[in-house]
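FYI, numbering that gives the first Met the number 0 numbers position 105 of the sequence shown as 104, with every residue one higher than the one before it. We put the beta carbon where it would ideally sit given N, CA and C, even for glycine. Right, one structure below, let's go through it.
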Amino acid sequence: MTGQMTPRMVDVPDVAARIAAMADQLAARGALTDPSWRGVLGEVPRHLFAPPVAWAAPEDGPRYRIDARKDPVAWWEAVYEPGTAVLTQFDDGAASEGAASRDPRVPTSSLSAPEIVVPFLELLHPFGGQRVLDVGTGTGWTAGLLCERVGDAHVVSIDIDEGVAAQAAANLHEAGFRPQLRTGDAAVDLGEEQDFDLIHVTCGVTAVPYGWVERMRPGGAIAFPWMPDFSYGYRVRLDVLPDGTATGRLAGSAGYMMLRSQRRHRATPAKEWPAAVPEFAASTTRMDPRLLWHTPGGGLEAAMSGLVPGVRAALFHDSEPTGEATLWLLEACGPGGSWASVDYAPGSKEFAVEQAGERRLWEEAEVAYVQWLRWGRPALHRFGLTLTPQGQHLWLDDPATTVNP
């Protein structure tokens, strides 16, 4: 199902080749393992959902401005680069065109990177005739992919931003798709329609709304980026059971822009948290604070999310090449919450610790790290998440083995 030729396709005879090359790269990176998605990608050209002027955000470098008129080569390369997201809105649309011509501040909508999108779709595994809710329409590309997979009549897509939703509708129309589009807050109200077989979420969530489970058929599934405060985020599929619970394992790392009602506080740790709670307790530790930041694999971060809940971490290196660094632990509620800092200096036997607020965050982190070691350094795939009417909890190996302080 493809749309008609548009001005964006003029003088670009290799669209099919670009899509095939993108699929090959996705497969080589392990992001595309089901060959049937190649055909879906081919029928939903990504460039039909990219604005002529935007910001490209590659996975391994700084973002940069792209303009299809001024530099069409760079524009096309960015749009079909597997690891590059195309940022389409900043500051919830408040940034003017003049501001957007400079490096913008907070991206709030995007054409997500194929390397992120395809693994979520494979994890969800939709098939023809299933009724799918797409949370976070964005540019409409993922809604189009779902339409191609299950049929237009079976896809409902919702976005909280009216301007974003209107542009998505235009993009989908141009590409030849007609899903049901809605504007609203999916965390609060999904409408009065019948239940869904699957929910596909393209925004990060920390606390999964139980209302999503209530609108699912038993045996259905929700695929979403779970983004607890301590970590970058995880790819998760929760399967819905007849008793109204939903459970599943963490399937890999992934990050998205947050659900608007769950956005994290943006502040400078070294300034705003200490300014709000200036009185601190000083101590020392023999444990290298960098271990909490540089331990690979994701298993430690998952454990910390359950054992030290509601806490963010950030590591800042000295601007000079001294090797010195400071680890910050911050209550995610924002300035006014507890905080801790640990200063690393090469060659030191002990490292200076400062802790403020009701919680002693470094002490909590030390205990959690040792607990993870005692468990045998479990990897990411051994952790899972369960959602019930009473809330959600992280678990290790079995849903009955909860991970909490």
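DSSP beta-bridge partners of residue 129: Position 130 of the sequence shown, counted from the first residue, corresponds to residue 129. Residue 129 pairs with nothing; no bridge assigned.
Could you please give the first and the last residue of the uninterrupted alpha helix (DSSP H) stretch that includes residue 366? Here residue 366 refers to the residue found at position 367 when the sequence shown is read from its first residue. Here the alpha helix (DSSP H) through residue 366 covers 360–373.
Just list the alpha helix (DSSP H) runs in the stretch 189–261, keeping only unbroken ones of 4 residues or longer that don't cross its boundaries, in chain order. 209–213
To the nearest angstrom, how far is the alpha carbon of residue 355 from that of residue 107? On the sequence shown, position 356 is the one that residue 355 refers to. On the sequence shown, position 108 is the one that residue 107 refers to. Answer to the nearest angstrom: the Cα atoms are 32 Å apart.
State yes or no: is the C-beta of residue 372 within less than 7 Å of the C-beta of residue 381? Working through the sequence shown from its first residue, we reach residue 372 at position 373. Working through the sequence shown from its first residue, we reach residue 381 at position 382. Taking C-beta atoms as the reference points, residue 372 and residue 381 fail to come closer than 7 Å.
Just to confirm before moving on: does the CB-CB distance between residue 53 and residue 83 stay below 7 Å? The sequence position of residue 53 within the sequence shown is 54, counting from 1. The sequence position of residue 83 within the sequence shown is 84, counting from 1. Result no, Cβ atoms of residue 53 and residue 83 do not sit closer than 7 Å.
Let me know the secondary structure DSSP gives residue 395 once reduced to three states. Taking the sequence shown and counting its residues from 1, the one referred to as residue 395 is at position 396. In this structure, DSSP gives residue 395 an extended state, which the three-state scheme calls strand.
Consult DSSP for residue 161 and reduce its assignment to one of helix, strand or coil. As a first step, residue 161 must be located in the sequence shown, where it is residue number 162. Note: residue 161 maps to helix in three-state DSSP.
Figure out for me which residue from 25, 225, 191 and 181 has the closest Cα to the Cα of residue 205. Along the sequence shown, one-based indexing puts residue 205 at 206. Comparing C-alpha distances from residue 205 to each of 25, 225, 191 and 181 shows the shortest one belongs to 225.
Residue 311 bridges to which residues according to DSSP? Numbered from 1 along the sequence shown, position 312 holds the residue referred to as residue 311. Answer is 329.
Can you list, in chain order, the residues of its chain with a C-beta nearer than 7 Å to that of residue 22? Leave out the 5 residues immediately preceding and following it. For the purposes of this step, residue 22 is taken as residue 23 along the sequence shown, with counting starting at 1. Correct list, in chain order: 31, 37 and 40.
Cβ-Cβ distance between residue 157 and residue 185 below 7 Å: Working through the sequence shown from its first residue, we reach residue 157 at position 158. Working through the sequence shown from its first residue, we reach residue 185 at position 186. A contact, by the Cβ cut-off of 7 Å.
With a threshold of 7 Å on Cβ separation, who are the neighbours of residue 95 within its own chain once the five nearest residues in sequence on each side are excluded? Walking along the sequence shown from the start, residue 95 turns up at place 96. At residue 95, the pLDDT of 48 sits below 50, so the modelled position is not reliable; the number obtained from the coordinates is stated separately. Excluding residues within five positions, none has a Cβ falling inside 7 Å.
Residue 282 versus residue 351: straight-line alpha-carbon distance, rounded: In the sequence shown, counting from the first residue as 1, residue 282 sits at position 283. In the sequence shown, counting from the first residue as 1, residue 351 sits at position 352. The straight-line gap from Cα to Cα measures roughly 6 Å.
May I ask you to report which of helix, strand or coil DSSP gives residue 353? On the sequence shown, position 354 is the one that residue 353 refers to. Three-state result, residue 353: strand.
Rounded straight-line distance, which links the Cα of residue 388 to that of residue 48: Your numbering for residue 48 matches position 49 in the sequence shown. Your numbering for residue 388 matches position 389 in the sequence shown. When rounded, the distance between both Cα atoms is 37 Å.
Neighbour-count burial assignment, residue 125, 16 or more Cβ in a 10 Å radius: On the sequence shown, residue 125 is found 126 positions in, with the first residue counted as 1. Flag for residue 125 reads buried.
Using CA atoms only, rank isn't needed, just tell me which of 257, 242, 401 and 262 is closest to residue 306. Here the question's residue 306 lines up with position 307 in the sequence shown. Of 257, 242, 401 and 262, the residue nearest in Cα terms is 401.
Endpoints, the beta strand (DSSP E) within which residue 383 is located: On the sequence shown, position 384 is the one that residue 383 refers to. Where residue 383 is concerned, the enclosing beta strand (DSSP E) stretches over 382–387.
Find the nearest neighbour of residue 214 within the set 35, 196, 279 and 76, judged by alpha-carbon distance. The residue labelled residue 214 in the question sits at position 215 within the sequence shown. It is 196.
Residue closest to residue 325, alpha-carbon to alpha-carbon, out of 299, 297, 290 and 336: One-based indexing of the sequence shown puts residue 325 at position 326. Nearest to residue 325 by C-alpha distance, out of 299, 297, 290 and 336, is 290.
Give every residue of the same chain whose Cβ lies closer than 6 Å to the Cβ of residue 64, excluding the five residues on either side of it in the sequence, and list them in chain order. Mapped onto the sequence shown, residue 64 falls at position 65. 54.
Endpoints, alpha helix (DSSP H) assigned at residue 284: Translated into positions along the sequence shown, residue 284 becomes position 285. Counting along the chain, residue 284 falls outside any alpha helix (DSSP H), though it belongs to the beta strand (DSSP E) covering 280–284.
Can you tell which of 297, 179 and 385 has the C-alpha that lies nearest to the C-alpha of residue 242? As a position in the sequence shown, residue 242 is number 243, starting the count at 1. Residue 242 has its Cα closest to that of 385, out of 297, 179 and 385.
Whether residue 247 touches residue 235 by CB criterion (7 Å): On the sequence shown, position 248 is the one that residue 247 refers to. On the sequence shown, position 236 is the one that residue 235 refers to. Cβ distance < 7 Å, so residue 247 and residue 235 count as in contact.
Residues that DSSP places opposite residue 106 in a beta bridge: Mapped onto the sequence shown, residue 106 falls at position 107. For residue 106, which the question treats as bridged, DSSP gives the partners 89.
Measuring CA to CA, which of 321, 43 and 331 is closest to residue 313? Numbered from its first residue, the sequence shown carries residue 313 at position 314. Considering only alpha carbons, the answer is 331.
If distances are taken between C-alpha atoms only, which option among 334, 295 and 268 comes closest to residue 341? In the sequence shown, counting from the first residue as 1, residue 341 sits at position 342. Cα-wise, what sits closest to residue 341 is 268.
So, is residue 193 buried or exposed, given that buried needs 16 or more other C-beta atoms within 10 angstroms? Looking up residue 193 in the sequence shown gives position 194. Exposed, by the Cβ-count rule.
Please tell me whether residue 146 has its Cβ less than 7 Å away from any Cβ of chain B. Absent from the structure: chain B. Only one protein chain is present.
Quick check on the burial criterion: 16 or more other C-beta atoms within 10 angstroms. Buried or exposed for residue 44? The sequence position of residue 44 within the sequence shown is 45, counting from 1. Buried is the call here.
Would a C-beta distance cut-off of 7 Å place residue 301 and residue 379 closer than the cut-off? If you number the sequence shown from 1, residue 301 lands on position 302. If you number the sequence shown from 1, residue 379 lands on position 380. Their beta carbons are under 7 Å apart, which means residue 301 touches residue 379 by this criterion.
Which residue from 191, 217 and 227 puts its Cα closest to that of residue 207? Here residue 207 refers to the residue found at position 208 when the sequence shown is read from its first residue. When only C-alpha atoms are compared, the closest one is 227.
Distance, Cα to Cα, residue 251 vs residue 233? Your numbering for residue 251 matches position 252 in the sequence shown. Your numbering for residue 233 matches position 234 in the sequence shown. Those two C-alpha atoms are separated by around 6 Å.
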